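Working notes, beginning with the structure itself.
Protein chains: 4
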Amino acid sequence: MHPAPLEPGVWGVVATPFSGSTLAVDETSLARLVEHYERAGVTGLTVLGVFGEAASLDTQERRAVLETVADTVDLPLVVGATSLATAPVIEEVRLAQEVLGDRLAGAMVQVSSPDPEVLSAHLRAVHEATGAGIVVQDYPLVSGVSVRADVLARTLEPLPFVVAVKAEAPPTPPAVATLTQALGVPVFGGLGGQGLLDELAAGSAGAMTGFSFPEGLLACVRAWREGGYETAREEWLGYLPLVNFEQQVRIALAVRKECLRQRGLILESGVRAPAASMPASLLDQLKRHLAAVPQPVGVR
Amino acid sequence: MHPAPLEPGVWGVVATPFSGSTLAVDETSLARLVEHYERAGVTGLTVLGVFGEAASLDTQERRAVLETVADTVDLPLVVGATSLATAPVIEEVRLAQEVLGDRLAGAMVQVSSPDPEVLSAHLRAVHEATGAGIVVQDYPLVSGVSVRADVLARTLEPLPFVVAVKAEAPPTPPAVATLTQALGVPVFGGLGGQGLLDELAAGSAGAMTGFSFPEGLLACVRAWREGGYETAREEWLGYLPLVNFEQQVRIALAVRKECLRQRGLILESGVRAPAASMPASLLDQLKRHLAAVPQPVGVR
Amino acid sequence: MHPAPLEPGVWGVVATPFSGSTLAVDETSLARLVEHYERAGVTGLTVLGVFGEAASLDTQERRAVLETVADTVDLPLVVGATSLATAPVIEEVRLAQEVLGDRLAGAMVQVSSPDPEVLSAHLRAVHEATGAGIVVQDYPLVSGVSVRADVLARTLEPLPFVVAVKAEAPPTPPAVATLTQALGVPVFGGLGGQGLLDELAAGSAGAMTGFSFPEGLLACVRAWREGGYETAREEWLGYLPLVNFEQQVRIALAVRKECLRQRGLILESGVRAPAASMPASLLDQLKRHLAAVPQPVGVR
Amino acid sequence: MHPAPLEPGVWGVVATPFSGSTLAVDETSLARLVEHYERAGVTGLTVLGVFGEAASLDTQERRAVLETVADTVDLPLVVGATSLATAPVIEEVRLAQEVLGDRLAGAMVQVSSPDPEVLSAHLRAVHEATGAGIVVQDYPLVSGVSVRADVLARTLEPLPFVVAVKAEAPPTPPAVATLTQALGVPVFGGLGGQGLLDELAAGSAGAMTGFSFPEGLLACVRAWREGGYETAREEWLGYLPLVNFEQQVRIALAVRKECLRQRGLILESGVRAPAASMPASLLDQLKRHLAAVPQPVGVR
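Protein chains in written order, with the numbering used here: chain A, 1170 to 1469; chain B, 1170 to 1469; chain C, 1170 to 1469; chain D, 1170 to 1469.
Structure representation (structure tokens):
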């Protein structure tokens, strides 16, 4: 029996909050953050992804993050793997399985090679060693690996254990169109939601990203299903200036964490090096964006 | 006497329309396009920029583009130089001067070196050989050259012939903040307007870009001056989904030209190789965006 | 009738010497340099290539370089095109034809797209507009375009006007093997000769590069034909430390020009920005290498 | 008391041999390989470096590699850290300390940021958490981080726990000159020895690399000390064609492992994905190079 495809909808990519000068993992903030996600109504959560700063956590910290999330919410969980090579990815997935058991909805594995055979063997090996369903993340900015969407589609099509694709190789809308047409599993947009309307139009199953207002992602995806472009656009417009502000190269993570902090969802907004801090010159504009964003109803 | 700084406001970056299977320069469409810009009320035009596909035009075609624009409108003109080295840049500026005379408001020259002395000598040599005011374009994606905003500011500060900066090294808002604080000349955002609100908040003098609805850029910049963030945001919201759609990596030029074509501003939307064509899968969404965008009043 | 393939052997890539603080083209040095090449016995010369700093010359300077070379030696000439787009490449080739007439053995055009159809159309258009034989240069470091060797081979195979390939996409030996097997025209190695032995073993027709001792390239290629690996290696060993010294990233051009200067082949070793100068810390070692290199017999 | 600087000389970067279709770590081959290094007379070994494929090993495999090496030879050991962020680097160093105790001569940590303060804080945190001496590896091709040599020198100069630098940011000879002049610790060249003569001339303390004939590296470094350039060149010439052959972009690791296999030092030459395999077209030339290389005396 093959692993079940992910549910379409909005999957929140969970930031890892830190506290103090040592930037220790702040489990209290983390719990508060994922509770907010659950209350807001997300389909599931993605933990230890790129924007969860997984690459800057040690094994014990990763375990603590997984435990906190699992203990706090009942949502299905996707867990990111940081490595590109097979053996350490398997080790990462096993850690997730050890902590989460059948709460693990999928292991998110990066596209590690442009060569279809190499990529296929890698994904197969991870699945065979762990039994986990695989969410394939195509994110060249992080992996350093670029593959054409049609080649990726042909590579993944015969792999029954692939449970979703996270399409983050810009331009994403045509990539989503190619992947959704070829594959029977959901394809999610990411990248902070900057292309959300266009990815939905191209057939995406929703968004898997960490935009600081998941309420906006949810409103837009729900509206798309119910009324198509016009209504989704209506719901989404008010968030778009903040989306663009947040999704700035190199500083996106720091900006997002500061938004989460100002919303009261985490206590401090520090990021671990080598991630960049938020320039002070952006603070006033961040506040303007937050003041203008639609106020979610019935949440908090 | 030093050349005068550019006027703040919106400078339209003019696309070069082509026609037929040979993709010949379509001067009729070009004239119609710049007439539209003038009627819409832009401060000036930027011709032969990156998105004017200057790098794919030969000398005779560049001359024809300059002549057509100069003959059609009365706006001040910035002309882009494609090369990175001094001697060919001087040759390009001289061509512009030959055709435009004192219509040339500035020669746009790329940041060609991260070394302050080398860059400074380059800009100085171009100015001394031509007398032209220099618009410095910081666009690493095209030039391959990255320089920190504070280093660029210190390099340009002592150069009295610099008449503007076009800041296109993301993240642009903190770069605009650094540059405007250090320099006495206007700093413009570009990149299709994707960061327009945040660049204005950081002190930019406006936008110099080729977004297919200059009316939107104009409305936003005008509103910013009159009412600040809130009113500018209000004016800008309706254009933002199209801005993001248009500003897609690699295909931005093709998408923009198709928008211009669907607006009736140019006859054909072909781009010259090696620029990429617009994926057919995006066409329906392009039409949805165009139907939803605010309809400019009193234009066309 | 199709243009004739290039002769196999050694094609010298000619540096453009400059003089004085203005770095004016030094035609006297240029003449001396190409005379040396002719006396040394090269098969032909490549002028206005990347290491001829063509991208930093204006049209008049390019014309002067071509005239000087044509007036000084009787060798067949390949002329490089700097642009990536079709129209300006055609303009560059026409300039070469205007000056050289049937002395032009081939126009060297860069691989401008990884898409076989786009590349094929580009090369075809340049040939059809000019009638020139095309030397295809695959040099991703300069063009920014990467294409797999087998894809390049399939793209070029049906094009009867391609007269040679310059393979400079490392690792070059397997690329040369793939290209020579598929194509009926000579494939040359470049990159300063750093992989010369291995490219010859893979089937290359020789070297097209600007190493400061063409005598070494000639001795090695001649020995390879006569005695294979062992004798070629014997001839080449003494030059190899200088080859590696010269072929240093970013500073290769400056190092090479200083070698040419110390040999007395050019008067000054200045390079035009944005090319980097030679670090002073390398000067003593440069002299050691020059003192140890085999002394060419019967030349100078 | 600060950790002692590394001994100058040749440090062998140890490949990790694999066997069978599963590419399991082959501890027998690994033992044979490091015994060879010890017999050849290297100063020390670098284990779990980039060319030890550390990034493709899981924790258990890394431990096994460290144990095998420690059990087989008495040499001082440098151990590479794969991560760029502080917490996981500390975890990696602790694993090395747990297995090696005071056999650990230094933990090799990558330059993780171009920002002097961020890099300095990173290195300091790793040292303070572990007490380990730090070998700083400047290898932009792998880390994605570029920093100017003079900035790196100024950053490292005040850090008393830095025990060596591995300079692998080309062009390396001027970088070595800058670093050795500023720092009181040895600076080693790497990159397969391609710039060995020039790095020694610039003041390097030797080589830290995995060239398949450490005998050559040793002979060259020894000769440099005794007789300077001339004698070192004499010893090195015969190896240089193989050095260049081995140091080919992307396939260097696979070529090197095949050389080690043909020498009888490891049983199989497989590499783990996403590392690339050796093209079959290179095999004959590899054999020619091996047959021509100077035959080490008294070893095997």
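Virtual Cβ for every residue (Gly too), placed ideally from N, Cα, C.
Note that the structure is a prediction, hence the values are computed from the model and not measured.
- Which of the residues in the stretch 1393-1415 of chain B, read from start to end, lie with their CB under 8 Å from any CB of chain A? Correct list: Y1398, E1399, R1402, W1405, L1406, G1407, L1409, P1410, N1413, F1414.
- Item | Where D/A1461 falls: helix, strand or coil (DSSP) | Correct three-state label for D/A1461: helix.
- Message: What does the Cβ neighbour count give for A/T1347, buried or exposed, with the cut at 16 atoms within 10 Å?
- Response: Buried.
- Query: What in chain D is Cβ-close to C/P1343, meaning under 8 Å?
  - Reply: Near C/P1343 (Cβ distances below 8 Å), the residues of chain D are I1420, P1448, S1450, L1451.
- Message: Can you look up B/T1159 in the DSSP assignment and give me helix, strand or coil?
- Response: Nothing can be reported for residue 1159 of chain B, as the shown portion of chain B is limited to 1170 through 1469.
- Is A/G1467 helix, strand or coil when you go by DSSP? Low local confidence applies: a pLDDT of 48 at A/G1467 is under 50, so the model's placement there is unreliable, with the coordinate-based value given in what follows. Note: A/G1467 maps to coil in three-state DSSP.
- Cross-chain neighbours of D/T1228 in chain A, by beta carbon under 9 Å: For D/T1228, the chain A residues whose C-beta falls within less than 9 Å of its own C-beta are T1228, P1257, E1260, listed in chain order.
- Message: Would D/R1391 pass as an interface residue toward chain C - the criterion being a Cβ-Cβ separation below 8 Å?
- Response: With 8 Å as the cut-off, D/R1391 does not count as an interface residue toward chain C.
- For the 8 Å Cβ check, are there 3 or more pairs between the stretch 1368-1376 of chain C and the stretch 1421-1437 of chain D? With contact defined as three or more Cβ pairs closer than 8 Å, the stretch 1368-1376 of chain C and the stretch 1421-1437 of chain D are not in contact.
- Grouping DSSP H, G and I as helix and E and B as strand, with all else coil, what is C/D1284? If DSSP states are grouped into helix, strand and coil, C/D1284 belongs with coil.
- Message: Is it buried or exposed, A/V1468, if we count other Cβ atoms within 10 angstroms and call 16 or more buried?
- Response: Any reading at A/V1468 needs caution, since the residue's pLDDT is 45, under 50, leaving its predicted position unreliable; the model's value is listed next. That one is exposed.
- Query: List, in order along the chain, the chain A residues whose C-beta lies closer than 8 Å to that of D/A1224?
  - Reply: Correct list: S1252, L1253, A1254, P1257.
- Query: By DSSP, does C/V1356 sit in helix, in strand, or in coil?
  - Reply: When DSSP states are grouped into helix, strand and coil, C/V1356 belongs to the strand group.
- Taking 7 Å as the cut-off, is the CB of C/S1225 close to at least one heavy atom of the ligand SAH? In terms of ligand content, the structure shown is empty, and the ligand SAH therefore cannot be addressed.
- Task: At 7 Å on the CB atoms, spell out the chain C contacts of D/A1346, in chain order.
- Result: Neighbours of D/A1346 on chain C, chain order: S1450.
- Item | beta strand (DSSP E) runs wholly inside the stretch 1391-1436 of chain A, at least 3 long, in chain order | Runs of the beta strand (DSSP E) lying entirely within the stretch 1391-1436 of chain A and spanning at least 3 residues: none are present.
- Beta carbon proximity, B/H1291 to chain C, threshold 8 Å: Yes, B/H1291 lies at the interface with chain C (some Cβ there is under 8 Å from its Cβ).
- Item | Residues bridged to D/K1335 [DSSP beta-bridge criterion] | For D/K1335, which the question treats as bridged, DSSP gives the partners D/Q1306, D/F1357.
- Task: Check distances from the C-beta atoms of the stretch 1314-1327 of chain D to those of chain C and list, in chain order, the residues that come in under 7 Å.
- Result: Of all residues in the stretch 1314-1327 of chain D, none has a Cβ within less than 7 Å of some Cβ in chain C.
- Please decide whether A/A1301 counts as near chain D, where near means a Cβ-Cβ distance under 8 Å. No, its Cβ sits nowhere closer than 8 Å to a Cβ of chain D.
- Message: Within 8 Å of any Cβ in chain A, is that where the Cβ of D/A1336 sits?
- Response: For D/A1336, the closest Cβ of chain A is not nearer than 8 Å.
- Using a Cβ-Cβ distance under 8 Å, would B/A1442 count as near chain C? For B/A1442, the nearest beta carbon of chain C is closer than 8 Å to its own beta carbon.
- Task: Use the C-beta contact count for C/K1456: other C-beta atoms within 10 angstroms, 16 or more gives buried, fewer gives exposed.
- Result: The residue in question, C/K1456, is exposed, as its Cβ has fewer than 16 Cβ neighbours within 10 Å.
- Query: Taking three-plus beta-carbon pairs below 8 Å as touching, is the stretch 1393-1406 of chain A in contact with the stretch 1337-1355 of chain A?
  - Reply: Counting Cβ pairs under 8 Å, fewer than three are found: no touch.
- Message: Can you give me the C-alpha to C-alpha distance between D/V1331 and D/V1320, rounded to a whole angstrom?
- Response: Taking the straight line from one Cα to the other gives about 16 Å.
- In angstroms, rounded to a whole number, what distance separates the CA positions of C/Y1206 and C/V1247? Going by the C-alpha atoms only, they are around 14 Å apart.
- Going along the stretch 1191-1218 of chain B in order, which residues come within less than 7 Å of chain C, judged by CB to CB distance? Considering only beta carbons, no part of the stretch 1191-1218 of chain B lies closer than 7 Å to chain C.
- Taking C-alpha atoms, which residue in A/N1413, A/G1178, A/L1253, A/V1182 lies nearest to A/T1212? Ranked by Cα distance from A/T1212, the options A/N1413, A/G1178, A/L1253, A/V1182 are led by A/G1178.
- Query: By Cβ distance below 6 Å, which residues in the same chain neighbour A/G1218 in space, the five residues on each side in sequence not counted?
  - Reply: Same-chain partners within the cutoff: V1182, G1249.
- Compare the C-beta of A/V1287 with all C-beta atoms of chain D and state if any pair is closer than 8 Å. By the rule that beta-carbons nearer than 8 Å mark a contact, A/V1287 touches chain D.
- Just the C-alpha distance for C/Q1417 and C/L1451, rounded to the nearest angstrom, thanks. Straight through space, the alpha carbons of C/L1451 and C/Q1417 are spaced by roughly 11 Å.
- So, do the stretch 1272-1279 of chain C and the stretch 1297-1305 of chain C have three or more beta carbon pairs nearer to each other than 8 Å? The stretch 1272-1279 of chain C is in contact with the stretch 1297-1305 of chain C.
- Would the stretch 1409-1416 of chain C and the stretch 1458-1466 of chain B be scored as touching if the rule is three or more Cβ pairs under 8 Å? They do not touch, by the three-pair rule.
- Query: Leaving out the 5 sequence neighbours to the left and right, which residues in its chain are closer than 7 Å to A/R1441 when beta-carbon positions are compared?
  - Reply: Cβ neighbours of A/R1441 beyond the five flanking positions: F1187, L1192, E1222, S1225.
- Determine the closest residue to A/E1326 out of A/V1305, A/T1400, A/E1427, with distance taken between C-alpha atoms. The shortest C-alpha separation from A/E1326 is found at A/V1305.
- Item | Span of the alpha helix (DSSP H) around D/T1241 | Where D/T1241 is concerned, the enclosing alpha helix (DSSP H) stretches over 1228-1241.
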